[in-house]
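**Student:** First the structure, then my questions, so here it is.
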Amino acid sequence: MSKTAVAFDNVVKNYPLYHQITGGIKNFLLNIPKAIKNFKVMRYQALAGVSFEVQQGETFGIIGNNGAGKSTILSLIAGVILPNSGKVTVNGRVLPLLELGSGFHHELSGRDNIVLNGVLMGYSRTLITEKMEEIIAFSEIGEFIDQPIRAYSSGMLARLGFSVVAHLDPEILLIDEILAVGDLAFQKKCLNKIMGFKGKGVTIIFVSHNMDDVKMICDRVAWIDGHKVKMIGKPGEVINAYTSN
Amino acid sequence: MNTSLKRFIDLVVVFTDKEMKVKYKSSILGYVWSIAHPLALALVFFIAFKMIMRVQIEQYALFLICGLFPWQWFSNSVNMSPTVFLSNATIIKKVNFQRNVIPFVTVLQDMIHFLLSIIVILIFMYIYGRSPSLSWIYGIPLLVIIQFMITYGITLMISTINLFFRDMERLTVIFVTLMFYCTPIIYSESMIPEKYRIYVNLNPLAPLMISWRQLFLEGTFNWVSILVSLGYSVGFLLLGTFIYKKLSWKFGEIL
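Chains G and E, in that order, give the protein sequences.
Residue numbers for the first sequence follow our numbering, so the first one is 1 and each next one is one higher.
Residue numbers for the second sequence follow our numbering, so the first one is 1001 and each next one is one higher.
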């Protein structure tokens, strides 16, 4: 009997359109009634009642058009935002695979950034330092590792980011369209590593527009459309329905 | 040890390391710059108040820096506060970590600069033929803790509110400048007209700055000032923490 790693129960998330507030105190004070009304009415619906469950050890793909709410789902799992209603349950240590360069500081060397990144994601400095050489070797960045990362190409940044995550032991791994960068050889290496995680029973939530990757990696796929789950099922079926849409 | 505390400490170490490296990366004089600014200010005030307006305070240069250096710690942190979360928006949106580590490190960093600048105060004391007092050994840590709490409380408060009202940035600059002239730093508290003197302690920074100067110059404490400052620090620390706790869950969506 497998346990649930991530469960969404009728999750609703809307964002207030904050321009009224960020317009500043003056704007806010001058238009208090309007501001309050706007605050209540002008909300952007990102998820309108989304439910699904991901079992432990499962690789779960999320596909859908831009703006459908895929990234909101990942943010909710990462615990960076909270739902307005409904329930998000997460069992296990979540590791987000950061998109290019976020969580990195451009003036710092690759080595310093590895530590920064690892500690941000909740690992101790000692552990990161222990794994340092392994991470550097995997990234294949070579002597660039002691250069400030503003000198890195986007491919090198992606390698660095993936390498950090690849050497920590996540229980739930969030991947948001990360494999698109990096050359073919490195992409293959990443896929191998992801397969390795699968083998070790890591739960993976995989957001991508690359249907081949989704088909190859995922056990199940959810198609998010119009802020709702349109379909959940076997990768082949869902992808067919999505692409013929 | 408690894991969230352990994590907080690791974050503090890594962030401080990062800030220090970034700050001094491409500057030859490095740490000298953090003293150069308050020293330049001291020079300006010295010319304006001692040479031109002939303020009747002995050893005015020393008098000035004993107040200006701790003030710089406060004002640097608070002036930075509106931007600290904004400039880390990408990580705040992606990773769930204790975000208050960012303002914490801002204050810590300015504290380190202040501690290093005490050397300059020692040099000035030597020039003026004074010597440090033994009471510094417990006095400095005590005042550092008090000032850390009040600075962190205010920084946490402003950095949080600024995410919701972005013009806090302008208000902060005005507020800090006003506070500076309302605090006995370039003048002594005894120069304040008698009838206004009772209001001095209404300024949360005044008793603290007065205590710093008294400690540096005379090696003594006025325990009333210490207690009043402590009260303000705890108050602002609680207020800042309260506001942060109330609003921090929204950071991920507002940035």
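Beta carbons are placed, not taken as given, at the ideal position from N, Cα and C, and that holds for glycine.
(1) In three-state DSSP terms, what is E/S1188?
(2) Sorted by chain position, which residues of the same chain lie with C-beta nearer than 8 Å to G/M1's C-beta, five sequence neighbours on each side aside?
(3) Assuming E/A1036 is part of the alpha helix (DSSP H), what are its boundary residues?
(4) Any residues in the region 1086–1119 of chain E with a beta carbon nearer than 7 Å to a beta carbon of chain G? Which ones, in chain order?
(5) Using CA atoms only, rank isn't needed, just tell me which of E/I1092, E/F1046, E/L1116 is closest to E/F1069.
(6) Between the Cα of E/V1101 and those of E/K1006, E/P1038, E/I1254, E/W1073, spot the shortest distance and give me the residue it belongs to.
(7) Does any CB atom of chain E fall closer than 8 Å to the CB of G/E177?
(8) Against chain E, does G/L82 count as a neighbour if the rule is that its beta carbon must be under 8 Å from one of theirs?
(9) Is it right to say G/P33 is buried, meaning 16 or more other beta carbons lie within 10 angstroms of its own, or is it exposed?
(10) Spatial neighbours of E/A1089 within its chain, please: CB distance less than 6 Å, with the 5 preceding and 5 following residues excluded, ordered by chain position.
(11) Look at the Cβ atom of G/I63, then the Cβ atom of G/W223, and state whether they are nearer than 8 Å.
(12) For the ligand COA, is there any heavy atom lying closer than 7 Å to the beta carbon of G/D219?
(13) Does DSSP put G/L97 in a helix, a strand or coil?
(14) What separation, rounded to the nearest whole angstrom, lies between the Cα atoms of G/I135 and G/F197?
(15) Check whether chain G comes within 8 Å of E/F1008, counting only Cβ atoms and requiring the distance to be less than that.
(16) Is the CB of E/E1194 under 8 Å away from at least one CB in chain B?
(17) What three-state label does DSSP hand G/M231 in the structure shown?
(18) From G/G122, G/N113, G/H106, G/S139, pick the residue whose C-alpha is nearest to that of G/R93; which is it?
(19) Kindly list, in the order they appear in chain E, the residues whose Cβ is closer than 7 Å to that of G/L160.
(20) Please list the residues of the region 112–140 of chain G that have a C-beta atom closer than 8 Å to any C-beta atom in chain E, keeping them in chain order.
(21) Which first and last residues belong to the beta strand (DSSP E) in which G/Y44 is found?
(22) Return the CA-CA distance between G/A158 and G/K189, expressed in angstroms with no decimal places.
(23) Is G/L174 helix, strand or coil by DSSP?
(24) I'd like to confirm the pairing. Which residues does DSSP put opposite G/I63 in its beta bridges?
(25) Just list the residues that DSSP pairs G/N14 with in beta bridges.
(26) Flag E/W1033 as yes if its beta-carbon sits less than 8 Å from any beta-carbon of chain G, otherwise no.
(27) Any C-beta of chain G sitting closer than 8 Å to the C-beta of E/F1175?
**Tutor:** By the coordinates alone:
(1) coil
(2) Unreliable positioning characterises G/M1 in this predicted model, as indicated by a pLDDT of 47, which lies under 50. The coordinate reading is nonetheless provided below. Counting only Cβ-Cβ distances below 8 Å, and skipping sequence neighbours, we find nothing.
(3) 1032–1045
(4) T1090, I1091, K1093, K1094, V1095, N1096, F1097
(5) E/L1116
(6) E/K1006
(7) no
(8) yes
(9) exposed
(10) L1255
(11) yes
(12) For the ligand COA, the structure offers nothing, since it holds no ligand at all.
(13) strand
(14) 16 Å
(15) no
(16) No chain B is part of this structure, whose protein chains are labelled G and E.
(17) strand
(18) G/G122
(19) Near G/L160 there are no residues of chain E at all, since even the closest Cβ is about 15 Å away, more than 7 Å.
(20) D112, V115, L116, V119, L120, M121, G122, S124, R125
(21) 43–55
(22) 12 Å
(23) strand
(24) G/W223
(25) G/Q45
(26) no
(27) no
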